[in-house]
Amino acid sequence: MKHKLLLGDEAVALGAIHAGLSGVYAYPGTPSTEITEYIQNNELACRRGVHSRWCCNEKTAMEAALGMSYAGKRALVCMKHVGMNVCADAFVNAAITGVGGGLIVLAADDPSMHSSQNEQDSRFYANFAMVPIFEPSNQQEAYDMMEQAFEMSEKMRLPVLMRMVTRMAHSRASVAVKDEVREENLFNLSEGKNWVLLPAIARKQYQVLLDKQPDMLQDAEQSQFNKLCLTEKKGLGVIACGIAYNYVQEACCDELSGILKVSQYPLPEQQIKLLAAKSDTLLVVEDGQPVVEQSIRGILGTDYHVKGRLTGDLPRTGELTPDNVAKAVGKKVKLTFEKAQNVVGRPPALCPGCGHRDVYNALNQVAAEYPHARIFGDIGCYTLGALPPFNSIASCVDMGASITMAKGAADAGLFPAIAVIGDSTFTHSGMTGLLDAVNDNANITIIISDNLTTAMTGGQDSAGTNKFEAICLGLGVPPEHVRVVIPLPKNMDEITRIIREEINYKGVSVIIPRRECMQTLSRKLRQKKIQQ
Amino acid sequence: MKKNIILSGVGGQGILSIATVIGEAATQCGLHLKQAEVHGMSQRGGDVQSNLRLSTEPIYSDLIPMGQADLIISMEPMEALRYLPYLNKDGWIVSSSKPLVNIPNYPDESDLMAELKALPHTTTCDIEVLAKDNGIPKSANMILLGMAAKAIDILTPQQLLDAIARVFAAKGEKVVNDNIQAFDIGQKIAS
Chain W
26 MKHKLLLGDE
36 AVALGAIHAG
46 LSGVYAYPGT
56 PSTEITEYIQ
66 NNELACRRGV
76 HSRWCCNEKT
86 AMEAALGMSY
96 AGKRALVCMK
106 HVGMNVCADA
116 FVNAAITGVG
126 GGLIVLAADD
136 PSMHSSQNEQ
146 DSRFYANFAM
156 VPIFEPSNQQ
166 EAYDMMEQAF
176 EMSEKMRLPV
186 LMRMVTRMAH
196 SRASVAVKDE
206 VREENLFNLS
216 EGKNWVLLPA
226 IARKQYQVLL
236 DKQPDMLQDA
246 EQSQFNKLCL
256 TEKKGLGVIA
266 CGIAYNYVQE
276 ACCDELSGIL
286 KVSQYPLPEQ
296 QIKLLAAKSD
306 TLLVVEDGQP
316 VVEQSIRGIL
326 GTDYHVKGRL
336 TGDLPRTGEL
346 TPDNVAKAVG
356 KKVKLTFEKA
366 QNVVGRPPAL
376 CPGCGHRDVY
386 NALNQVAAEY
396 PHARIFGDIG
406 CYTLGALPPF
416 NSIASCVDMG
426 ASITMAKGAA
436 DAGLFPAIAV
446 IGDSTFTHSG
456 MTGLLDAVND
466 NANITIIISD
476 NLTTAMTGGQ
486 DSAGTNKFEA
496 ICLGLGVPPE
506 HVRVVIPLPK
516 NMDEITRIIR
526 EEINYKGVSV
536 IIPRRECMQT
546 LSRKLRQKKI
556 QQ
Chain S
1216 MKKNIILSGV
1226 GGQGILSIAT
1236 VIGEAATQCG
1246 LHLKQAEVHG
1256 MSQRGGDVQS
1266 NLRLSTEPIY
1276 SDLIPMGQAD
1286 LIISMEPMEA
1296 LRYLPYLNKD
1306 GWIVSSSKPL
1316 VNIPNYPDES
1326 DLMAELKALP
1336 HTTTCDIEVL
1346 AKDNGIPKSA
1356 NMILLGMAAK
1366 AIDILTPQQL
1376 LDAIARVFAA
1386 KGEKVVNDNI
1396 QAFDIGQKIA
1406 S
């Protein structure tokens, strides 16, 4: 047994490889990105030819993984929590079709919104789709669970959700890894009509899914990852989910009647009832939203006293910390130092020399010439254009929304309606919106700010690189209204002139400012220097 | 024995290299370790920190509880102060004295340094100037690590030096030597 220092993300990746993974399918998204990156660079995965190329978005990723599972191989889909919204159609229906080879869907949630627009809890999705959830409490478990989750997926013939949070994904610890690794599954095409979700078949398959529920529950009751520890005390019992278990352990409270560690769902009802019988109050400690806190009311009844995020014993929003958990279990926190006086916030900003800076400078200059100009933003580094000194964008909602929101606002009478979208976000979810706009001859101006990479997440390959003009032309944007510029201060006159021209064109126009991301550029230069 | 260390700075300053060296040294001598990092949006010029926990016993939480950090190592003076409530009563702050001003409302520099120096255990130094003067401009962060070595007493300076050699080996002999020199300079400042 070797020990390796691994991020939670890396532990998941290596666990999957050692469990015989044949393909990872993903779109980059903090805090999940490092899983796919680790597999891309892992020697064994490369030797085996494990698929690891980035996908256009989470839906294409989920569907490709389902196809691999159909062919009998083990597949992993990774995404940040909001990616679950994008692939929800495929995810929920994969529970109805069932799977062939093991299929793990990994969602990395981001409570406290360190790098996200919300803190939705992916466990809701698994409950909705009625599939099992694994939620590791530490890096070792993250590694060990992958094998178990693949086996369970194949045994139950269901996709399995693996849920992590930022603090687990981006924290390193020593992990004991196996010396002997499993081979990949053999190619083995699924037979049967269960894959064709015509209503008549879907009704049968839905019943099949419902019939699997007792087995899922039974498995969770006996899971090695769920653990009930009762003490001699009576009083407060704690249910700790995933990473929350560490914070409860850290608080080291010896007054508890017991702790139930939950790392596999559906909730182990028998163990919850045992803990409840031994306690007079239960505290639910879970990162994210109060999923368990809400559902145990259904198990214990509304009279039983349950504390958690809904009751204010833990904060309703934001991630768990050792401090708020210690307080909730009744530990006093003693501090020596107060907050310092001379500290102010330091929000992130676009890098010096970044091409997005020139794009916003040009847009601000032109937009100031119109009384009602609005710039609709999107998801990426360039969302930082919302902050000073730019204060450029009026919206940022979800991947691709810049184009379609600009279109809707233009439909309502806004002029000029401008969309700013990055290259990778455009191929993720902007192309279909562009087709809507073209078909409607919407009066909008779209800026595809192309830095040749998926920059926000650290510089992954961008699916559309070298294809943007062809994509826009193919979707029907008139050739004379697909314009390419180089976003540099010296080109400001040309860029502002082109923006004015395209705003004045009544229809869809696309301007593509193209210059490489400063981060990837300097990384390449550094690597070159090392090689010399 | 246990050491809770907060590494802080501004995205792009290289605090993770310091964490990597300490982590490598700790792993090599069999200590338990947890290291929570910040990836993603904050890395674009925002405040970043890493929680590093080393212990001879198993560690539970990935995050350091407030009031329990033994040491704050910071590449930037205001970022050192940001985590003050995490410091325990005997805790040390080892920080660069050079402000990185990328925000319009950065506090008055003399007020800031006065607050930092009024704390019981603080060591500061303009590591960037020192690194430049010694012809090793890329190794300022290893000067800082050298300054902090005495406070990281769960590891010996030699274990940290050996880790520097392993971590930077892939970048060639010159980079390794520069960083070892930087560490030595830092140690001398602190002594």
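Heads up: the sequence lines are chains W and S, in that order.
Sequential numbering of the first sequence, starting at 26, is according to my numbering.
Sequential numbering of the second sequence, starting at 1216, is according to my numbering.
We put the beta carbon where it would ideally sit given N, CA and C, even for glycine.
query, result
"In chain order, each alpha helix (DSSP H) run of at least 4 residues that lies wholly inside the segment 266-319 of chain W", "269-276 and 294-303"
"Asp-1393 of chain S and Lys-1353 of chain S closer than 9 Å at C-beta", "yes"
"is_contact[Val-1253 of chain S, chain W] using C-beta, thresh 9 Å", "yes"
"CB contact flag (Asp-182 of chain W, Val-124 of chain W, <9 Å)", "Per the sequence shown, the amino acid found at residue 182 of chain W is Arg instead of Asp. Yes, these two residues count as a Cβ contact at 9 Å."
"CA nearest to the CA of Ala-70 of chain W, picked from W:Val-510, W:Asn-516, W:Gly-40 and W:Met-424", "W:Gly-40"
"Ile-163 of chain W versus W:Leu-31, W:Arg-548, W:Cys-542 and W:Ala-435, residue with shortest Cα-Cα distance", "The identity of residue 163 of chain W in the sequence shown is Asn, whereas the question assumes Ile. Nearest of W:Leu-31, W:Arg-548, W:Cys-542 and W:Ala-435 to Asn-163 of chain W, Cα basis: W:Leu-31."
"Phe-159 of chain W in three-state terms, based on DSSP", "strand"
"Span of the beta strand (DSSP E), counted from its first residue to its last, around Val-1391 of chain S", "Here Val-1391 of chain S belongs to no beta strand (DSSP E); instead the alpha helix (DSSP H) covers 1388-1405."
"Nearest residue (CA-CA) to Thr-457 of chain W, options W:Gly-425, W:Thr-478 and W:Thr-482", "W:Gly-425"
"Identity of the residue in W:Leu-46, W:Gly-433, W:Val-49 and W:Leu-128 nearest Thr-470 of chain W by Cα", "W:Gly-433"
"Counted within 10 angstroms of its Cβ, other Cβ atoms place His-397 of chain W as buried (16 or more) or exposed", "exposed"
"Chain W residues whose Cβ lies nearer than 7 Å to that of Asp-1262 of chain S", "Arg-371"
"Own chain, CB closer than 6 Å to Pro-293 of chain W, minus 5 neighbours either side, in chain order", "Ala-245, Glu-246 and Asn-251"
"His-28 of chain W burial status per 10 Å Cβ neighbour count (16 or more: buried)", "exposed"
"Exposure of Asp-518 of chain W, with buried meaning 16 or more beta-carbon neighbours within 10 Å", "exposed"
"Met-1281 of chain S to Gly-355 of chain W span [Cα, whole Å]", "16 Å"
"Residue-chain proximity (Lys-1304 of chain S, chain W), Cβ-Cβ < 9 Å", "yes"
"Cβ neighbour criterion (16 or more within 10 Å) applied to Glu-311 of chain W", "buried"
"DSSP three-state assignment for Met-1281 of chain S, whether helix, strand or coil", "coil"
"Contact list for Lys-1386 of chain S against chain W, beta-carbon separation under 9 Å", "Ile-555"
"CB of Ala-387 of chain W within 9 Å of CB of Ile-400 of chain W, strictly", "no"
"Cα-Cα separation between Thr-482 of chain W and Glu-160 of chain W, rounded to whole angstroms", "23 Å"
"Touching by the beta-carbon criterion (3+ pairs, under 8 Å), the segment 1248-1262 of chain S and the segment 143-160 of chain W", "no"
"Between the CA atoms of Arg-334 of chain W and Tyr-1298 of chain S - distance to the nearest angstrom", "26 Å"
"Span separating the alpha-carbon of Gly-283 of chain W from that of Leu-261 of chain W", "8 Å"
"At least three beta-carbon pairs within less than 8 Å, the segment 336-346 of chain W to the segment 309-327 of chain W", "yes"
"The beta strand (DSSP E) enclosing Tyr-50 of chain W, as first and last residue numbers", "46-51"
"Same chain, Cβ closer than 8 Å to Asp-436 of chain W, neighbours up to 5 away in sequence not counted", "Asp-465 and Ala-467"
"Status (buried if at least 16 other CB within 10 Å, exposed otherwise) for Phe-153 of chain W", "exposed"
"Completely contained beta strand (DSSP E) runs for the segment 1284-1332 of chain S, where each covers 3 or more residues", "1284-1289 and 1302-1311"
"Pro-291 of chain W beta carbon less than 9 Å from that of Gln-238 of chain W", "yes"
"Own chain, CB closer than 7 Å to Asn-349 of chain W, minus 5 neighbours either side, in chain order", "Leu-339 and Pro-340"
"DSSP three-state assignment for Leu-223 of chain W, whether helix, strand or coil", "coil"
"Other residues of its chain near Ile-472 of chain W: CB distance less than 6 Å, five sequence neighbours each side excluded", "Val-445 and Ile-536"
"Cutoff 9 Å: Val-1309 of chain S Cβ touching any chain W Cβ", "no"
"Residues near Val-206 of chain W by beta carbon distance below 6 Å, same chain, minus five either side", "His-43"
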